[in-house]
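Here our numbering is used: the first residue of the sequence shown is 3, the next is one more, and so on.
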Amino acid sequence: MRLKDKVCIITGAASGIGKAAAILFAEEGANVIACDVQKENLEKLKNETVNSDRIFTYVLDVTNRTNIKETIEKIVEKFGKIDVLVNNAGITRDALLLKMSEEDWDKVIEINLKGVFNMTQAVLPYMLKQNKGSIVNTSSVVAIYGNIGQTNYVASKAGVIGMTKVWAKEFARKGAQIRVNAVAPGFIKTPMTEKVPEKIIQSVVEKIPLNRMGEPEEVARVYLFLASDESSYITGQVIGVDGGLVI
Ligand code: NAI
């Protein structure tokens, strides 16, 4: 088991990639702290795995610093440590720049960028205490590649790559083995991409060398690698999981 007894926080765990990661991490022996704003879907998560005894659900909004502080304190009180943080929660609010509202800009930045800052800042003191930890951030291929209609989303995901590199340097000072990496998924079948029109899906799939969309589990397996000690000498990296879309 690659995460035996590790305490792993996953944000956005009620759906898509985060849900697949929660199920996989529990299979690999982790105590999974599954966090999301969707209370009902979080509760359903436990019914989707035989390892439900290793899944602990918390309603947590990554934009609410008080909620985060209280939740992290509860987690540390119960488990005594935090080994892994997967900053997976994210949203899209797409529009061409001239039509993008300030509200949609703010919302995406608040969740996708500041949410990662909020969670990492809250968890870091506990990782520093044990001089060890792994943080996995979720970026996107569009952070590297750009995408029409996603000014807010691309800005947030490019920011995530920047923070990943800063933190890989900053958190490893004085010999601490705290690693920070990012995953850049391509086009993955989740509720997030369900709303993309079929015509656009087809046009993107044509550009993917592997000629298909990815499955949430294919991203979750890369989260697992980066979370586990198998990647003990990897930090500050951005790993594409995109079927070759960005080469
Ligand atoms: P999803 O929409 O299925 O899941 C996202 C989860 O984040 C939802 O359960 C949602 O409730 C949660 N969430 C939203 N706001 C939150 C908040 N304030 N606090 C806590 N949780 C919150 O989306 P999917 O596809 O699973 O996305 C997961 C991550 O992967 C996101 O960061 C997304 O931007 C990224 N990604 C997804 C791609 C795709 O093709 N599906 C491609 C590239 C990146």
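Beta carbons: idealized from backbone N, C-alpha and C, even for Gly.
{"Check": "I need the straight-line Cα distance from residue 9 to residue 179, nearest angstrom please.", "Outcome": "16 Å"}
{"Check": "Between which residues of its own chain and residue 251 is the CB-CB distance below 7 Å, once the five residues before and five after are set aside?", "Outcome": "Nothing about residue 251 can be reported from this structure: the residues present for the chain run from 3 to 249 only."}
{"Check": "Does the beta-carbon of residue 194, which I'm using as the reference point, lie nearer than 7 Å to any heavy atom of the ligand NAI?", "Outcome": "yes"}
{"Check": "When burial is assigned at 16 or more other CB atoms within 10 Å of the CB, is residue 212 buried or exposed?", "Outcome": "exposed"}
{"Check": "Evaluate residue 249 with the Cβ neighbour count: other Cβ atoms within 10 Å of its Cβ, from every protein chain shown; 16 or more gives buried, anything less gives exposed.", "Outcome": "exposed"}
{"Check": "Of all the options 229, 182, 92 and 177, which has the alpha carbon lying nearest to the alpha carbon of residue 40?", "Outcome": "92"}
{"Check": "Put residue 38 into one of helix, strand or coil per three-state DSSP.", "Outcome": "strand"}
{"Check": "What are the start and end residues of each continuous alpha helix (DSSP H) run of 4 or more residues lying completely inside the segment 174 to 220, in chain order?", "Outcome": "193 to 196 and 200 to 209"}
{"Check": "Grab me the residues of residue 153's own chain with a C-beta within less than 7 Å of its C-beta, minus the 5 sequence neighbours each way, in chain order.", "Outcome": "99 and 102"}
{"Check": "What is the rounded straight-line gap between the Cα of residue 199 and the Cα of residue 205?", "Outcome": "10 Å"}
{"Check": "Helix, strand or coil, according to DSSP, for residue 128 in the structure here?", "Outcome": "helix"}
{"Check": "Using the beta-carbon count (16 or more within 10 Å), is residue 33 buried or exposed?", "Outcome": "buried"}
{"Check": "Considering only residues of the same chain and omitting the five flanking positions on each side of residue 147, which have a CB-CB separation below 7 Å?", "Outcome": "248"}
{"Check": "Which of the three DSSP states, helix, strand or coil, is assigned to residue 25?", "Outcome": "helix"}
{"Check": "Tell me which residue opens and which closes the alpha helix (DSSP H) that residue 135 is part of.", "Outcome": "From DSSP, residue 135 is part of no alpha helix (DSSP H) but of the beta strand (DSSP E) over 134 to 140."}
{"Check": "For residue 62 and residue 196, what's the separation of their Cα atoms in angstroms?", "Outcome": "24 Å"}
{"Check": "Express the C-alpha separation of residue 194 and residue 50 in angstroms, rounding to a whole number.", "Outcome": "20 Å"}
{"Check": "Kindly examine the ligand NAI and report whether one of its heavy atoms sits closer than 7 Å to the Cβ of residue 40.", "Outcome": "yes"}
{"Check": "Where does residue 46 land, buried or exposed, given buried means 16+ other C-beta within 10 angstroms?", "Outcome": "exposed"}
{"Check": "Taking just the CA atoms, how far does residue 234 sit from residue 14?", "Outcome": "25 Å"}
{"Check": "For residue 183, is the classification buried or exposed, using 16 other Cβ atoms within 10 angstroms of its Cβ as the cut-off for buried?", "Outcome": "buried"}
{"Check": "Name the two residues that bound the continuous beta strand (DSSP E) containing residue 252.", "Outcome": "No answer is possible for residue 252: the residues shown for the chain start at 3 and end at 249."}
{"Check": "Let me confirm a value: residue 214 is counted as buried when at least 16 other C-beta atoms fall within 10 Å, else exposed. Which label applies?", "Outcome": "exposed"}
{"Check": "Which of the three DSSP states is assigned to residue 62 in this structure?", "Outcome": "coil"}
{"Check": "Is any heavy atom in the ligand NAI found nearer than 7 Å to the beta carbon of residue 37?", "Outcome": "yes"}
{"Check": "Do residue 71 and residue 36 have their CB atoms nearer than 8 Å?", "Outcome": "no"}
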